[in-house]
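Protein chains in written order, with this note's numbering: chain A, 1 to 475; chain B, 476 to 719; chain C, 720 to 1035.
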Amino acid sequence: MNVPLEATRLCVRGGAVVDARGERRADVLIEAGRIVAVERTIDPPVGTSVLDASGCVVAPGLVDLHTHLREPGSEDAETIDSGARAAALGGYTAVVAMPNTEPPIDSAAAVRAVLALAAGACAEVAVAGAITVGRAGDQLAPFAEMAALGVRVFTDDGRGVQHAGVMRRALEYARPLGIVLAQHCEDEQLAAGGYMHEGAWSSRLGVPGQPAIAEEAMLARDIALVRLTGSPMHFLHLSSAGSVELVRAARAAGLPVTAEATPHHLSLTDAELCGYDPVFKVNPPLRTSDDVLAVRSGVLDGTIGAIATDHAPHPRESKEEPLDTAPPGMIGLETALAVAYGALCLGGDAGAGPASGSGGEIGAGAPTWLAAPPMRRASLVELFAALSWVPARIAGLDAPARPGFSTTGGHGGPIAPGAVAHLCVFDPTVRWTVSVSRGASRSTNTPFASRDLVGRVRHTLRAGEAVVVDAEPQR
Amino acid sequence: MAERERRSARPDGRVLVPRSVLMGPADVRRALVRIAHEVLERNHGAEDLVVVGLQSGGVPLAERLVALLEEIDGTAVPLGRLDVAFYRDDIALRPVRPGEVTAIPVDLTGRVVVLVDDVLFTGRTVRAALDALADHGRARAVQLAVMVDRGHRELPIRPDFVGKNLPTRRDETVDVSIDGVTIGDLAAAAPGSPPDAAPGSPPDAAPGPPPDAAPGSPPDAAPGSPPDAAPGSPPDAAPAGDPR
Amino acid sequence: MTRADLLSVADLGREGIVQVLHLADSFAEVSERPMPKVPALRGRTVATVFFEASTRTRLSFEAAAKRLSADTMTFTPATSSLTKGESMRDTVETLDAMGVDAMVVRHASAGAPEQISRWVRAGVVNAGDGQHEHPTQALLDCFTLREALAAREGRAPADDLSGARIAIVGDVRHSRVARSGVLAFRALGAELVLVGPPTLLPPDTASWGVGIAHDLDEVLADVDVVYVLRLQVERIRECLLPSLHEYSARFGLTRDRAARLRPDVLVMHPGPMVRGLEIDAEVASSPRSLVTRQVHNGVAVRMAVLFRLLAREVAS
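Printed below as a string of C-alpha cells:
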C-alpha cells in the first residue's frame, strides 16, 4: 500500500543545509513530497506549514544499513512498526531490515511478507535477504528471486558464513545480479564461545573472550575471495584496528569492498563490561580504546564508508540474565546520530563515558576516554555522508523509486529542487538524557541509558511528511 | 566504657579535650590496693577467684589487680580478658571492632569471677559481658569492679567494688588508665589532624592509640591536639589504625 | 555500593583484608569454645543462594551463620521455580521480599552476584561466580598461610605476607580461586608467579603484577609456597592440553618434585583434590600441606565476612 503523498506545502526554515555538495545556510520549501526550492531565505506562501530549524543542521534523512526489526518471530522485542518509529526519532528515513527473523528471510515469500508488514511504517523498510538457506551456512538462498523483489543486500548476519567454499560460490553466483553480499565476520572456532573481547579485561573478569582475529581472519579470507571472484562485498560492524587496516589495504588495491561501523564501536570499550551488565554484551564485542580510535580513523579517512546501527532489540528480562547467557546486542536507532556526532565531531568525550562498576585493582585503570590522542574532528558533511548518502548508495536506496520496489527511493540527497523530501533536522547543541521509558523502541537495551548526549534530532521528514516534530513522533 | 565511647566517637574526628584531672597515678594505685583488699575480704581469700578484664580499658587494671592480689595474699589468681564486641545489643547502631582476642584460661564453672572495667556508665557493656561469660562456664558468682562509676545507668547493674564515684553529665567523657582519671569533652579534631572517614572505614593517618601507656601525656596536651601515637603503645596492626 | 558486599577481593583492599583476618582471629577463638556461638547476628537471616551446587562451601557458610546466631535459609534452583522460566532477577527479588538480610551467592556465571547486588536490598557475598572470583577462599587461604608462617617462626601472626614467594600452579585461566588469590596475596605483599602451559594461563596478565612461568621445576627451586589448582578433564576436549599424563608429568606436584623442595616450603590446595593428577596423595597429606587447615579455617573466616557485612550498618 503506498502512502499517498499529500499536497501540503512545508517550509523548513532557519537551518544550515548539509549534503554531498557541502554546507550552506538555506531554507527548504517542500510541496507534494518533493523539494521545490532551496534558498538562503524563503518567504513561504500562505498555507505553508513551517518547521523551525534555527540553529539546526538540515541533512538528507539518515539510512541505516543494519537494523534488526524482529518481525516476524520476536515481536515482544520489537515490531516493524515500533522499529520504524524509533528510526524516525533517530532521523532515519530508511532502514535495511536484517533477515535473521523467525522464519528467516531466505525466500521470495518471506520477502513479500515483510514488505507487506512494512508498508505504512514511518520509515521506509528495505529488506535484506539471507545468503544461505536458514542462515545455516550450507546452501545458497535464492538470490535472484529475492532480488527481483528489490532486495539488494544479502547477509547471514547474526553469523558469518563459516565455510570458505560456500562463500566463494555465493560471491561467484551473485556477481551478475547487481547485489552486494554483506558479511558478519566471526570465525566461530576462533571465537570459541567468548562473549566479550579477549584481552586484559576479560582476563581480569574471568570471562571467556573472543579475540580480534576471530573477525580479522574471516575478513582476510573474504577479501581474498573478492580478489578472486571480482564480486563486491560489504563488511558489517567492523570492530578492530586489524580489520580497519585490512579493509584500508583492500580498498587501496582497488577491490570493490565497503565497510560499516556502529556508533557503539566508535565510542565504547570493553571496560564497560566491568560491572557485568549484559547491556554491553554485543557481537562483535566492544574492544579496546586503540580499536575504537582505529575505527574512528577508518570513518575519517573513508575506509569505513558507513555508520550503521546494528539496532538489536531484546526483551528486558533477557538482558537481566547472567552475562554468559544473555543475548548479545544493543538498540541504537534513536541515539546513533548523537553518539556518532559526539565521537567524531566533538572529539569523543561527549558524555559517553563508562558507567561505574567494580573493575578491581588488577588490570586496566579507568578507561581514559579523555586522554585519547588528538584526532582530526569530522566535518558535518563527513558525518552525514557516513550516516546518509553513502549507506543509501550501498543499499541502492538512492535510486529513484521503481514501481513495486522502494516506495519512494531518493534517499541520501542531495537537497535540491526535484529531490524527494527525505530530511533530518538535527540540533547539534541540545544536551539531553537518554530515557528508555520515553523511547519508541519496544526494548530498552541501550548502553547509553541515563547518560547525557549532545545533539538531538528535532524533526524528521519522510517523503515530505513530518513524521517527527520537536522530537515527538507524529504517528 | 569511656574508652570505647571515645574510640567509637573518633570516626567523627573528635578528640578528648581534657578539662580536669580527677585522679593521678598514685590515687589510682591506692584505689586498686583498696579494691584488692575488699575483694579478698568479701571472698574470704583468693581461692576460686578469676579476674577477667574487659576489653580494652579493663585489661590493664585487671593485670594490676591480679599483681596486687598476689602481693597481698600470696596466691596466684588466674587472669583472663574478655572481648564483648559480639554480644552487644547495639550492633546495628555503631561500627563494631573487636579488640584483642578473648582469652579465658580456665573453665569458669564453680568459680567467682571478678569482672574489671575502667568506667561503669550505662551498664550495657557489663550486660554483654555477663552473656559472654556464660559461654565459658557457669560461674558461682560474678562480681564487678570498676575504677569509676559515673552514673546514668540504663540497666539494673551495680558495681561491687568502686574506685571512685563520679557524677557526670551524659555528654562529658571520662578517660581512665592506670596513670590517672581525666574528665573532659569531645571536640572537633584540631586542623592538621585528619578527620576519620565514614564510620567503619579505617582513617588515613589515625591519631593512633590512646595515650594509656604513655607516661605523662594528656594533662599537658594543648586543647585540640590529638593524642599521639606514643612510643611503646600497642602497635595497631591494621594499617592506618582501626578505631577500636 | 554502600553496603559492604563482598563481590571481589578488590572490594576489601588491604585494610579490609586485614580487618577480616583480625575478626577471623576472634571467631577462631569462639569456634574453640565448648559452646562455639555468639549472639552477634541474632535476628538476622542469611540465605545461601546456590545456583551452582557445592556442598562444602554451602555448609561452611551455614555453619558460620549459625555460630553467629543468625537464622539460615537454603535456596537451591533445582527445586525452585527457576526451572519454570522465572528469571534470575525475579528469583532473588522474591527472596529479598521475604526479608533476608544477606545472600550468599554461588553461580556458574561470572558476574551474577554483582548483578544480583544491584537488584536486592540484602547484602551479597560472592561464594564463587563462574571463573571470576571466590573471595572467601582467598581470605581463608591468607588466614591459613599467615597462621602457618607465624607458627613456623614462633611468633604471633603478622598482617602481611611480604617476602613470601607463592607459585600458583595449574589452570589459572579458568580458576576463580586463582583470581581472588592473586588479588589477596598481592594486597598483603606477597610475590606471585603463575605456572602452567600457555593455554591454561589467562590471555593477558600484563597488569597483574605477577610472574609467569611454564616450567614448574625451575620455579620450585625458589618458592616458599606452592598453591596447586585442580585440573578439570574437560580442558582436554577444549584442546587446551593433550593428556592428563602429560599434564601430570609437567605440572603435577609429584612426590619426587615435593622431595626436592626446601623443607620449609608449604603446599596448599583449594580442594577438592584429584590425587595423582595435580598432586600426589603423599604430598597432600604431608606435614608441609596446609589443606586441612584451609578447610578448618573456612568457618571462622566466613563468620568474619558475614559479621562484617551485617554488623557494620550504621544508623545514618
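In this text, a Cβ means the ideal position worked out from N, Cα and C, and glycines have one as well.
All values reported here derive from a predicted model rather than from experimental measurement.
Using the rule of at least 16 other Cβ atoms within 10 Å of the residue's Cβ for burial, across every protein chain shown, is residue i buried or exposed?
i, result
"E833 (chain C)", "buried"
"H264 (chain A)", "buried"
"H411 (chain A)", "buried"
"N445 (chain A)", "buried"
"A603 (chain B)", "buried"
"D157 (chain A)", "buried"
"L630 (chain B)", "exposed"
"D187 (chain A)", "buried"
"R21 (chain A)", "exposed"
"A723 (chain C)", "buried"
"A1019 (chain C)", "buried"
"P753 (chain C)", "exposed"
"N640 (chain B)", "exposed"
"A144 (chain A)", "exposed"
"R1027 (chain C)", "buried"
"A212 (chain A)", "buried"
"R13 (chain A)", "buried"
"R644 (chain B)", "exposed"
"L726 (chain C)", "buried"
"C274 (chain A)", "buried"
"H826 (chain C)", "buried"
"D398 (chain A)", "buried"
"D138 (chain A)", "exposed"
If residue i sits next to residue j, beta carbons under 8 Å apart, how far is it from one beta carbon to the other, in whole angstroms?
i, j, result
"G659 (chain B)", "V492 (chain B)", "5 Å"
"I307 (chain A)", "L380 (chain A)", "Wrong, their Cβ atoms sit about 14 Å apart, outside the cutoff."
"E997 (chain C)", "L972 (chain C)", "7 Å"
"Y195 (chain A)", "P328 (chain A)", "7 Å"
"A419 (chain A)", "I35 (chain A)", "5 Å"
"R892 (chain C)", "L919 (chain C)", "5 Å"
"N518 (chain B)", "V587 (chain B)", "6 Å"
"D744 (chain C)", "V576 (chain B)", "5 Å"
Run through chain A and tell me which residues come within less than 9 Å of residue i, C-beta to C-beta.
i, result
"D860 (chain C)", "Per Cβ cutoff of 9 Å: no residues; D860 (chain C) is ~17 Å from chain A at best."
"T813 (chain C)", "In chain order: nothing, as chain A lies at least about 14 Å away."
Residue i touches chain B at which residues, Cβ-Cβ below 8 Å?
i, result
"S745 (chain C)", "D558, A560, F561, P573, V576 and T577"
"E748 (chain C)", "V576, T577 and A578"
Shorter than 7 Å, the distance from the beta carbon of residue i to the closest heavy atom of the ligand NAD, or not?
i, result
"L246 (chain A)", "The ligand NAD is not part of this structure, which contains no ligands at all."
For a cutoff of 8 Å on Cβ pairs, would you count residue i as touching chain F?
i, result
"T810 (chain C)", "Absent from the structure is chain F; the protein chains it does hold are A, B and C."
Counting only Cβ pairs nearer than 8 Å, list the residues of chain C close to residue i.
i, result
"D523 (chain B)", "Ordered by position in chain C, no residue passes the 8 Å Cβ test against D523 (chain B), which lies about 20 Å from the chain."
"D606 (chain B)", "P758"
Given that residue i touches chain B, what residues does it touch there, using C-beta distances under 7 Å?
i, result
"M754 (chain C)", "D610"
List the residues of chain A whose Cβ lies closer than 8 Å to the Cβ of residue i, in chain order.
i, result
"E1040 (chain C)", "Examination of residue 1040 (chain C) is not possible in this model, given that chain C is present from 720 through 1035 alone."
"M807 (chain C)", "E320, E321 and P322"
Going along chain A, which residues have a C-beta under 7 Å from residue i?
i, result
"S967 (chain C)", "Result: empty, since nearest Cβ-Cβ is about 25 Å, beyond 7 Å."
"Q850 (chain C)", "G206"
"H826 (chain C)", "P322"
TODO: Check distances from the C-beta atoms of the segment 181-214 of chain A to those of chain C and list, in chain order, the residues that come in under 9 Å.
DONE: A192, E198, G199, A200, W201, S202, S203, R204, L205, G206, V207, P208, G209 and P211
Task: Contact list for the segment 257-280 of chain A against chain C, Cβ threshold 7 Å - done: G275 and Y276
Open item on the list: By the 9 Å beta-carbon criterion, what residues does the segment 889-913 of chain C contribute toward chain A?
Closed with: R892, H893, S894, R895, R898, V901, L902, R905 and A906
TODO: Return the residues of the segment 620-647 of chain B that lie within a Cβ-Cβ distance of less than 9 Å from chain C, sorted by chain order.
DONE: none
- [ ] With 7 Å as the C-beta to C-beta threshold (strictly closer), list the residues of the segment 316-337 of chain A near chain C in chain order.
- [x] E317, E320, E321, P322, L323, D324 and T325
Open item on the list: Taking contact to mean 3 or more Cβ pairs, one atom from each stretch, closer than 8 Å, check whether the segment 71-89 of chain A and the segment 425-445 of chain A are in contact.
Closed with: yes
Open item on the list: Beta carbons nearer than 7 Å to chain B: which residues of the segment 999-1029 of chain C have them?
Closed with: none
- [ ] Report yes or no: do three or more beta-carbon pairs, one from the segment 167-183 of chain A and one from the segment 220-240 of chain A, lie closer than 8 Å?
- [x] yes
Open item on the list: Counting beta carbon pairs with one atom in the segment 850-857 of chain C and one in the segment 897-906 of chain C, are three or more of them shorter than 8 Å?
Closed with: yes
- [ ] Check each residue of the segment 920-937 of chain C: if its Cβ is closer than 8 Å to any Cβ of chain A, include it; give the result in chain order.
- [x] P921, P922, D923, T924, A925, S926, W927 and G928
Open item on the list: With a threshold of 8 Å, are at least 3 pairs of Cβ atoms found where one atom belongs to the segment 47-58 of chain A and the other to the segment 7-14 of chain A?
Closed with: yes
Open item on the list: Tell me whether the segment 805-819 of chain C and the segment 736-750 of chain C touch, counting them as touching only if at least three CB pairs, one residue from each stretch, are closer than 8 Å.
Closed with: no
- [ ] Evaluate the contact criterion for the segment 278-288 of chain A versus the segment 201-220 of chain A: three or more CB pairs, one atom per stretch, below 8 Å.
- [x] yes
Task: Inter-stretch contact (C-beta, 8 Å, three-pair minimum) for the segment 135-154 of chain A and the segment 109-121 of chain A - done: yes
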